Structure formats: structure tokens, C-alpha cells
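Presented below is the structure to which this report refers.
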Amino acid sequence: MAPDLSELLRACALGDESAFARLYDAVSSRVYGLVLRVVRDPAQSEEVAQEALLDIWRTSARFDPERGSAVSWMLTIAHRKAVDRVRSAQASTDRDSSYGSRHQERSYDQTVETVERRLDAQRVRNAMDVLTDTQRKAVELAYFGGYTHTEVASLLGVPLGTAKTRIRDGLIRLRDTLGVQQ
Amino acid sequence: MSADVHSLVGAYAVDAIDEQERAAFELHLAECPECRAEVASLVEAGAQLSLVSQTAPPPAMRAAVLAGIRTVRPLPPLEQPAAAGHQLQGVGPDPDAPAARIPVVIDDDDAEPTPTAPAADLPANVVPMRRRRPVAEWLVGAAAAVALIAGGIAWSPWDDGAGKAPVSASEQVLEAKDAQRVVQNIGGARVTVVRSASLHKAVVVADNMAAAPTGKDYQFWFDQPGKGMVNAGVMPHGSAPTLTVMLEGDAATASGAGITLEPAGGSPEPTSTPLALFSFS
Numbered sequence: 527m528a529p530d531l532s533e534l535l536r537a538c539a540l541g542d543e544s545a546f547a548r549l550y551d552a553v554s555s556r557v558y559g560l561v562l563r564v565v566r567d568p569a570q571s572e573e574v575a576q577e578a579l580l581d582i583w584r585t586s587a588r589f590d591p592e593r594g595s596a597v598s599w600m601l602t603i604a605h606r607k608a609v610d611r612v613r614s615a616q617a618s619t620d621r622d623s624s625y626g627s628r629h630q631e632r633s634y635d636q637t638v639e640t641v642e643r644r645l646d647a648q649r650v651r652n653a654m655d656v657l658t659d660t661q662r663k664a665v666e667l668a669y670f671g672g673y674t675h676t677e678v679a680s681l682l683g684v685p686l687g688t689a690k691t692r693i694r695d696g697l698i699r700l701r702d703t704l705g706v707q708q
Numbered sequence: 032m033s034a035d036v037h038s039l040v041g042a043y044a045v046d047a048i049d050e051q052e053r054a055a056f057e058l059h060l061a062e063c064p065e066c067r068a069e070v071a072s073l074v075e076a077g078a079q080l081s082l083v084s085q086t087a088p089p090p091a092m093r094a095a096v097l098a099g100i101r102t103v104r105p106l107p108p109l110e111q112p113a114a115a116g117h118q119l120q121g122v123g124p125d126p127d128a129p130a131a132r133i134p135v136v137i138d139d140d141d142a143e144p145t146p147t148a149p150a151a152d153l154p155a156n157v158v159p160m161r162r163r164r165p166v167a168e169w170l171v172g173a174a175a176a177v178a179l180i181a182g183g184i185a186w187s188p189w190d191d192g193a194g195k196a197p198v199s200a201s202e203q204v205l206e207a208k209d210a211q212r213v214v215q216n217i218g219g220a221r222v223t224v225v226r227s228a229s230l231h232k233a234v235v236v237a238d239n240m241a242a243a244p245t246g247k248d249y250q251f252w253f254d255q256p257g258k259g260m261v262n263a264g265v266m267p268h269g270s271a272p273t274l275t276v277m278l279e280g281d282a283a284t285a286s287g288a289g290i291t292l293e294p295a296g297g298s299p300e301p302t303s304t305p306l307a308l309f310s311f312s
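These protein sequence lines map, in sequence, to chains B and R.
Everything in the first sequence is counted per my numbering, starting at 527 for the first residue and increasing by one.
Everything in the second sequence is counted per my numbering, starting at 32 for the first residue and increasing by one.
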């Protein structure tokens, strides 16, 4: 039985460390996996994931269930931090890799996968297959690549407005295919 | 609202925007329930992608994080919704400002557990040091900002000592014969800088400006030839539809003005690309 993450966050806000431990067990592989996918360097990813988890603890009282799910709130914090990390690294030295190397699936296959987790992942991959190639690329570059829509446009060689639209349309299609509730 | 801002909804939901676009878009979000709803749904959709990247973290991370939280105090809930910006409060100096603002500054910086953390809410071009300033400096900054607000508010009566009927300083600028107006749109806000070189003053009139994001303030700058961007004050908090602010400093020598988003209380110099620039030339 999956724990109610909103309840756990509420308990964290009151300083309940055991609630945070349960929260950690429920979301750490999604948080760490996402950060690793964006940041890619495992040592830095661990650091960023830790910062994100501490931030989740620190700001738990500010989670508002009216505005979204607990898991997406936590992943937003992690994603923002991961993106900030790669962009500040990019500001000092250009990132080394091409889209091709980044695009290779590296992480989730190494995971100890439960059946449930594998089914979840497969469901999302199937939904991504419903996107057009160009939408999928734009969404992946934005979400997993940590690129701005401006960078996505130049990576894909499309006009600025086009990248924005592809990211948005891709997410809408993903949302509708997965039947995401919000 | 222009379709252009509206179309950033997807990029915003997955952090595919830079800090300036984020600030402008958040202004838009504050006034556009449709975009808020769409953002919320797309954030949920984006979060689903993390199901394919799940990876168990190194086992030692659990103990490290659980030890880490023991040293971090959870923040209290926000007193008011960050995006609200419609609560009415006076346009004049806010007597509660010091008490209301300083703890926020301390919370956000003092409690940051890892000194190597990139400044999460700042653009990549910001030197992280800036956020690592000791709390004492922040306090000075926050107190200075409060003083600026108190000193920069436009509604205090203007007494020129010549026995004329009091006219507010900002009205004098707005009605000056040499008043020069420069208008820029920031998100859904219309911001006008009015400068009178003869009075050496400039006034900002901000229509429909949403509250700055949590932990941030809008800060004004004069572009002073030879000196660069010089602090001209922090926009006071207020949610009247129109805010009028007298800028600090000599407007006559400035070649322009700018507005940036800065950490709460303002910065000694701009740490982000301006949201808008106003040229006096």
C-alpha cells in the first residue's frame, strides 16, 4: 500500500522525522533518478538530490495540495535544482556531450526494478510513443536535458516559437494519454 | 495578455526557461487562472516522466539525508499565497516591513544546509557567493531596503519651503514641463518611468504589476554613465493596481533606468538581466 505522500509532507512540516524517512523511501529513487538523468555525473547527482530532499523537508509546510500532487511538487524541486546545476556548470564550461550520447538510456535499466516500477515506466514510454518524434525530442531535451526552449530550438534547428509549441503540445499529449489528473 | 507569453506554459512547466522569462511568466500566471490550471496539469504530466528514469540512490544517501534533516528547521507555512498579489494594503510605507521581511531572509539563507548548493532560484550567471552572504549583511541589506522604501514612497507631502500648496514629489515629476516618459511592458504589467532632468528625479508608475516571487523583490537601477547600474531603490510591497515609486538617486545624470528581480531586500548591484530597460536618450 503506497503511503499518502501529502500526509507525510504534512507530518514533515511538524518536524516528524520518521514521516520524512517514509517519504524518502517512497520517492528517493524518482528524485535521484531524475537528477541523475539531468546532471549525469553520479557524485554531483547525489549532492543535488540530497539538497532537493533537504529542501523538501525544509519547505514541506508550503506544499499546497490544492495546487498539485505531492509527488509532482517534490519532483519539481528536484528538477529545478538539477537544471540549475547543469546550467551553472554550462555557464562556466560548455557541456561536453552531444544529444546522441545524452539520449542513450543509461540509468533505469541498472535499477533494481520491481514489477510495478517496470510497468509504470513502460506505461510512460508507451505514452511518449504517442507523441510525434519532434514533440518527443523537444520534451526530452527540455525535461531530461535541462535545456531552455531557446536552446531546444537551436539544437533542433527550428524557430523559437516552434520549440515552445512542441514542448507544450508534447506535454499536453502526454498528459491526455496518461490521463493525468489535476 | 499576448499569446506569446501564454505559449510559454509548457516550457515553464518543465523549467525550460531562463530566469527572466520565468519572472515575466510568473507575473502573467498571477493574473491568468487558465495558465495556472494548464501549468498545474503539465507539471503533473512532466513528473510522470520521472517514472522512466527511476534509479535507486546510493545506499549511504539515506543516512546522510536523514542526518541532514535533523539540522534543518522546517519553515512555517507562507502567510499569504505567493501569487496572490491582490490583498489590499496601503501604498504608503509599511510599518510592518522590517518585522515581516527580515525573518524570511534569514530562513531562506541561513537554513540552507549545503554551502556548495547552486543558488536555486537565481539565474546561472549569478555568482553563488552573492547568496552566501552572511546573515548580518542580509540584515543590513534588508534594513537598507526598508529605509529605501520609507524614503522612496511617493505620497509624502512635498514641502519646497516656499510656502506653496504642498504637491507630492512624484506629482511634481509627473507634471514637470520636461517630464520624459518611457513605457515598457513586463508580462502583463505596464511600467512607466517618468523623468524630469530639471528636478533630478524620476518616478516609476507600475500598473498591474504582480507581486515579486517569494523571496524576491523588484529593484530599480539608474544607468549612470561611468558608474554603470546604480541602485535606485526596491519596489515596495503593495497591491494597489497602480504603484507609484520615487526612485532614489540623481535622475538627471542617468542615461536610463532598469528593473531587475533580486533576492528579497535588493542587491548592491544587479544579479540578473533586467526585466525591462528604459532609455532616457
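Each residue gets a CB set at the ideal place from its N, CA and C atoms; glycine is no exception.
Just so we're clear, the structure is a prediction, and the values are computed from it rather than from any experiment.
Asked, Found
"Looking at the unbroken alpha helix (DSSP H) that takes in R:Gly287, where does it start and where does it end?", "Run containing R:Gly287: none in the alpha helix (DSSP H); it sits in the beta strand (DSSP E), 287-294."
"If distances are taken between C-alpha atoms only, which option among R:Val225, R:Ala307, R:Ala94 comes closest to R:Gly219?", "R:Ala307"
"With distances taken Cα to Cα, identify the nearest neighbour of R:Pro256 among R:Gly287, R:Ile100, R:Val213.", "R:Gly287"
"Measure the beta-carbon distance from R:Met266 to R:Val276 and round it to whole angstroms, keeping in mind my assumption that it falls under 8 Å.", "6 Å"
"List the residues of chain R whose Cβ lies closer than 8 Å to the Cβ of B:Val684, in chain order.", "The premise fails here: B:Val684 is roughly 14 Å from chain R at the closest Cβ pair, so nothing lies under 8 Å."
"Quickly, what does DSSP pair B:Trp583 with across the bridge? List them, please.", "Note: B:Trp583 sits in no beta bridge, so no partner."
"In the structure shown, what three-state DSSP assignment does R:Phe253 receive?", "strand"
"Per DSSP, which one or two residues make a beta bridge with B:Val641?", "DSSP, once it has assigned bridges, lists no residue as partnering B:Val641."
"CA-CA distance, B:Gln570 and B:Ala608?", "9 Å"
"Whose C-alpha, out of B:Phe589, B:Glu543, B:Leu560, B:Arg613, is nearest the C-alpha of R:Ala98?", "B:Glu543"
"So with Cβ pairs under 8 Å, would you call R:Pro331 a contact of chain B?", "The structure shown has nothing for residue 331 of chain R, since chain R only spans 32 to 312."
"According to a CB-to-CB cut-off of less than 7 Å, which residues of the segment 578-593 of chain B neighbour chain R?", "Leu579, Leu580, Trp583, Arg584, Thr585, Ser586, Ala587, Arg588, Arg593"
"Count the other C-beta atoms from every protein chain shown that fall within 10 angstroms of the C-beta of R:Pro149, then say buried if there are 16 or more, exposed otherwise.", "Here the model assigns R:Pro149 a pLDDT of 40, short of 50, so the residue's position is not dependable and the matter cannot be decided."
"Which residue marks the beginning of the beta strand (DSSP E) containing R:Leu274, and which one marks its end?", "273-277"
"What does DSSP give as the partner residues of R:Phe309 in its beta bridges?", "R:Ala288"
"Examine the Cβ distances between the segment 638-657 of chain B and the segment 667-675 of chain B and report whether three or more of them are shorter than 8 Å.", "no"
"Closest Cβ-Cβ distance between R:Ala42 and chain B: below 8 Å?", "yes"
"According to DSSP, which residues form a beta bridge with R:Asp248?", "R:Glu293"
"By a C-beta neighbour count over all protein chains shown, 10 Å radius and 16 as the cutoff for buried, is R:Pro64 buried or exposed?", "exposed"
"Counting only C-beta atoms, is B:Ala547 closer than 8 Å to chain R at any point?", "yes"
"Quick one: using the 10 Å Cβ neighbour count with 16 as the cut-off for buried, is R:Ser312 buried or exposed?", "exposed"
"Can you tell me which of B:Val561, B:Arg584, B:Thr658 puts its alpha carbon nearest to the alpha carbon of R:Ser84?", "B:Val561"
"With a threshold of 7 Å on Cβ separation, who are the neighbours of R:Arg221 within its own chain once the five nearest residues in sequence on each side are excluded?", "Val214, Asp238, Asn239"
"Distance, Cα to Cα, R:Glu293 vs R:Leu274?", "18 Å"
"Whose C-beta lies closer than 7 Å to the C-beta of R:Asp281 among residues of the same chain, with five residues either side of it excluded?", "His231"
"Using only CA atoms, which one of R:Ser310, R:Ala42, R:Thr245, R:Gly297 lies nearest to R:Ala61?", "R:Thr245"
"Going by beta carbon distance, what residues of the same chain come within less than 6 Å of B:Val706, once the five residues before and after it are set aside?", "none"
"Candidates R:Val204, R:Ala228, R:Ala42, R:Gly77: which alpha carbon is nearest R:Ala236's?", "Here residue 236 of chain R turns out to be Val, not Ala, going by the sequence shown. It is R:Val204."
"Taking only beta carbons into account, state which residues of the segment 643-660 of chain B come closer than 7 Å to chain R, listed in chain order.", "Arg643, Asp646, Ala647, Val650, Arg651"
"Below 8 Å on C-beta distance, what does R:Pro107 contact in chain B?", "Ala587"
"By DSSP, does R:Met260 sit in helix, in strand, or in coil?", "strand"
"Looking only at its own chain, which residues have a Cβ that is under 7 Å from the Cβ of B:Met600, when we skip the five neighbours before and after it?", "Val553, Val557, Ile582"
"Establish whether the CB of R:Ala71 and some CB of chain B are separated by less than 8 Å.", "yes"
"Among the residues of its own chain, which have a CB less than 6 Å from the CB of R:Phe56, if the five just before and after it don't count?", "Leu39, Tyr43"
"Report the neighbours of B:Gly559 on chain R: residues whose CB is nearer than 7 Å to its CB, in chain order.", "Ser81, Ser84, Gln85, Thr86"
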